[in-house]
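Chemist: Under numbering that gives the first Met the number 0, the sequence shown has 294 at position 295, and the numbering climbs by one with no breaks.
If you scroll down you'll find the structure; I have some questions about it.
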Amino acid sequence: MAQKVGNQTFVLDRKVYWREGVCIVGPKEKEGPLGKYFDQKEDEDFGEDTWEKAEARFVSATYAKLLAKSKINENMVDCIFAGDLLNQCIATGNGLKKTGRPYFGLYGACSTMAESLILASLLIDGGGANNAVCLTSSNFASAEKQFRFPMELGNQRAPDAQWTVTGAGACLLSSDNMGENCPVIVSVTPGKMVDYEVKDVNNMGAAMAPAAAFTIQAHLSDLNFSPDYYDMIVTGDLGITGKKLCREILKKNGLDIDLKDCGEMIFDPETQGTCAGGSGCACSAVVLNGYILRKLRENALNKVLFVATGALMSPISTKQGESIIGIAHAVSIQNM
Numbered sequence: 000m001a002q003k004v005g006n007q008t009f010v011l012d013r014k015v016y017w018r019e020g021v022c023i024v025g026p027k028e029k030e031g032p033l034g035k036y037f038d039q040k041e042d043e044d045f046g047e048d049t050w051e052k053a054e055a056r057f058v059s060a061t062y063a064k065l066l067a068k069s070k071i072n073e074n075m076v077d078c079i080f081a082g083d084l085l086n087q088c089i090a091t092g093n094g095l096k097k098t099g100r101p102y103f104g105l106y107g108a109c110s111t112m113a114e115s116l117i118l119a120s121l122l123i124d125g126g127g128a129n130n131a132v133c134l135t136s137s138n139f140a141s142a143e144k145q146f147r148f149p150m151e152l153g154n155q156r157a158p159d160a161q162w163t164v165t166g167a168g169a170c171l172l173s174s175d176n177m178g179e180n181c182p183v184i185v186s187v188t189p190g191k192m193v194d195y196e197v198k199d200v201n202n203m204g205a206a207m208a209p210a211a212a213f214t215i216q217a218h219l220s221d222l223n224f225s226p227d228y229y230d231m232i233v234t235g236d237l238g239i240t241g242k243k244l245c246r247e248i249l250k251k252n253g254l255d256i257d258l259k260d261c262g263e264m265i266f267d268p269e270t271q272g273t274c275a276g277g278s279g280c281a282c283s284a285v286v287l288n289g290y291i292l293r294k295l296r297e298n299a300l301n302k303v304l305f306v307a308t309g310a311l312m313s314p315i316s317t318k319q320g321e322s323i324i325g326i327a328h329a330v331s332i333q334n335m
């Protein structure tokens, strides 16, 4: 079983293999700098008549593609850990309702990919499952409708605002590598909620940056690692503004880290008009299961600390003047 080390890190006892990863994205994501690493492109509406139905189609298509690439029978999936940004995770629920597999619906905002990896890997490490699917999704239009303004209103975007990624990413974690050379989840660091009294919903990178910094610092401290232990430390969707703030916080605490950020990597803000970069549950999910998985398999990367970030807020809390709570969960993925 996993052993707790330090304040909040768990080192896994068994090898939890990242058997396969899949990502399906929208046109804008496919046109971005990482487009060649994504498995499939679909229109944002996916042929449906509502954005919520479209996001559910991204979920179901990604799940089906993951099973096909993994070459496993659906009955071999012991459970699914998945979530999205919509109320009651309706995109995930509708997208997976026909699977007939045990399902844990998660809402960690944009940290959901890392949250699902942590829970699934701990379950496998403890012997409670052999195969678990981790999946998250988001859709630009469905997120705009729920959290900001209707698309038809045509509001201008603030410079620090981010562009919700349309797509879904999923992976299969397993206790058996089936003879393949697979990356392994070695340790996990669940994050703590951090509230720096940020209330600007157009600058969620600033709200999440302290949480990311503190989780990274906790992980390195718990395991007595220096930052250069990892080939890449990558945050989920701080974006350009949030990543800068995160680096400043880390520097003040004696850690000078060359951070990468999925939200900064997925779009070209100059040519694609995405302001501070990408966001949404799918942002870190598609970069992780597309770009990062490819680099691990090519041995261009061997040790990655994946730190997905989330802004725990809702339209109601915003209207009531509440500040935005930040969260960040860390997962150590390595070639063994």
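All C-beta atoms, glycine included, are put in the ideal place defined by N, C-alpha and C.
Let me check understanding here. Comparing Cα to Cα, which of THR234, ALA208, TYR228 lies closest to GLU247?
Modeler: ALA208
Chemist: LEU85 to ASN298, Cα distance in whole Å?
Modeler: 36 Å
Chemist: If I'm right that VAL21 touches ASN288 with Cβ under 8 Å, what's the distance once you round it to whole angstroms?
Modeler: VAL21 to ASN288, Cβ: 6 Å. Contact.
Chemist: Give me, in chain order, the residues of the same chain whose beta-carbon lies closer than 6 Å to that of ASN130; leave out the 5 immediate sequence neighbours on both sides.
Modeler: MET75, VAL76, ASP77, SER173
Chemist: How about VAL285 and GLU28: are their beta carbons less than 8 Å apart?
Modeler: yes
Chemist: Using three-state DSSP, classify GLY289 as helix, strand or coil.
Modeler: Correct three-state label for GLY289: helix.
Chemist: What distance in whole Å lies between the Cβ atoms of LYS97 and GLU19, which are believed to be in contact at a cut-off of 8 Å?
Modeler: Incorrect: roughly 21 Å between the Cβ atoms, too far for contact.
Chemist: With DSSP as the reference, please indicate the residues paired to CYS78 in a beta bridge.
Modeler: ALA131
Chemist: Less than 8 Å between the CB atoms is what I'm expecting for LEU11 and ASP124, so what's the real figure, rounded?
Modeler: 5 Å
Chemist: Could you name each continuous beta strand (DSSP E) segment of 3 residues or more that falls completely within the stretch 153-202, going from the start of the chain to the end?
Modeler: Unbroken beta strand (DSSP E) runs of no fewer than 3 residues, entirely contained in the stretch 153-202, are found at 166-173, 183-188, following chain order.
Chemist: Could you check the C-alpha separation between THR270 and GLU30 for me, to the nearest Å?
Modeler: 10 Å
Chemist: Which residue spans inside the stretch 236-316 form an unbroken alpha helix (DSSP H) run of at least 4?
Modeler: 238-251, 261-264, 268-271, 280-285, 292-296
Chemist: Does the separation of the CB atoms of CYS274 and ASP236 fall below 8 Å?
Modeler: no
Chemist: Please report the straight-line C-alpha distance between VAL126 and ALA169, rounded to a whole angstrom.
Modeler: First, the residue type needs correcting, since residue 126 is Gly and not Val in the sequence shown. If you take the alpha carbons of GLY126 and ALA169, they lie about 22 Å apart.
Chemist: State yes or no: is the C-beta of ILE239 within less than 8 Å of the C-beta of GLU263?
Modeler: Yes, they are a contact pair.
Chemist: Let me know if GLY99 comes out buried or exposed under the rule of 16 or more other beta-carbons within 10 Å of its beta-carbon.
Modeler: exposed
Chemist: What's the call for GLU54, buried or exposed, on a 16-neighbour Cβ count within 10 Å?
Modeler: buried
Chemist: With the cut-off set at 8 Å, would you say VAL193 and ALA210 are in Cβ contact?
Modeler: yes
Chemist: Do ILE184 and SER120 come within 8 Å of each other at the CB atom, strictly closer than that value?
Modeler: yes
Chemist: With a Cβ-Cβ cutoff of 8 Å, do ILE23 and LYS64 count as a contact?
Modeler: Taking the C-beta atoms as reference points, LYS64 is found nearer than 8 Å to ILE23.
Chemist: Measuring straight from C-alpha to C-alpha, what distance separates ARG56 and LYS250?
Modeler: For ARG56 and LYS250, the distance between alpha carbons rounds to 42 Å.
Chemist: Is the distance from the Cβ of VAL4 to the Cβ of LEU222 below 8 Å?
Modeler: yes
Chemist: Counting along the chain, where does the beta strand (DSSP E) carrying TYR36 start and finish?
Modeler: Taken as a continuous stretch (DSSP letters only), TYR36 belongs to no beta strand (DSSP E), as it is neither H nor E.
Chemist: Can you give the Cα-Cα distance for ALA329 and LYS70, rounded to whole angstroms?
Modeler: 28 Å
Chemist: Of the residues GLU51, ASP199, ALA1, SER316, which one's Cα is nearest the Cα of SER136?
Modeler: GLU51
Chemist: From ASN252, ILE256, PHE266, ASN138, pick the residue whose C-alpha is nearest to that of THR49; which is it?
Modeler: ASN138
Chemist: Measure the C-alpha to C-alpha separation of TYR341 and ALA60 and round it to an integer number of angstroms.
Modeler: Here the chain covers residues 0 to 335 and nothing more, so residue 341 does not appear.
Chemist: Which runs of the alpha helix (DSSP H) spanning at least 4 residues fall entirely within the stretch 96-128, listed in chain order?
Modeler: 111-124
Chemist: At what residues does the beta strand (DSSP E) containing LEU85 begin and finish?
Modeler: First-last for LEU85: undefined, no H or E at that position.
Chemist: Quick one: Cα of GLY34 to Cα of PRO268, how far?
Modeler: C-alpha separation (whole angstroms): 15 Å.
Chemist: According to DSSP, is TYR229 part of a helix, a strand, or is it coil?
Modeler: In the three-state DSSP reduction, TYR229 falls in the coil class, being neither helix nor strand.
Chemist: Would you mind giving the Cβ-Cβ distance between GLY94 and VAL132, rounded to the nearest angstrom? I have them listed as a contact below 8 Å.
Modeler: The distance from the Cβ of GLY94 to that of VAL132 is about 12 Å, inconsistent with a contact at the 8 Å cut-off.
Chemist: Checking 8 Å against the spacing of the C-beta atoms, do ASP42 and CYS280 come in under that value?
Modeler: no
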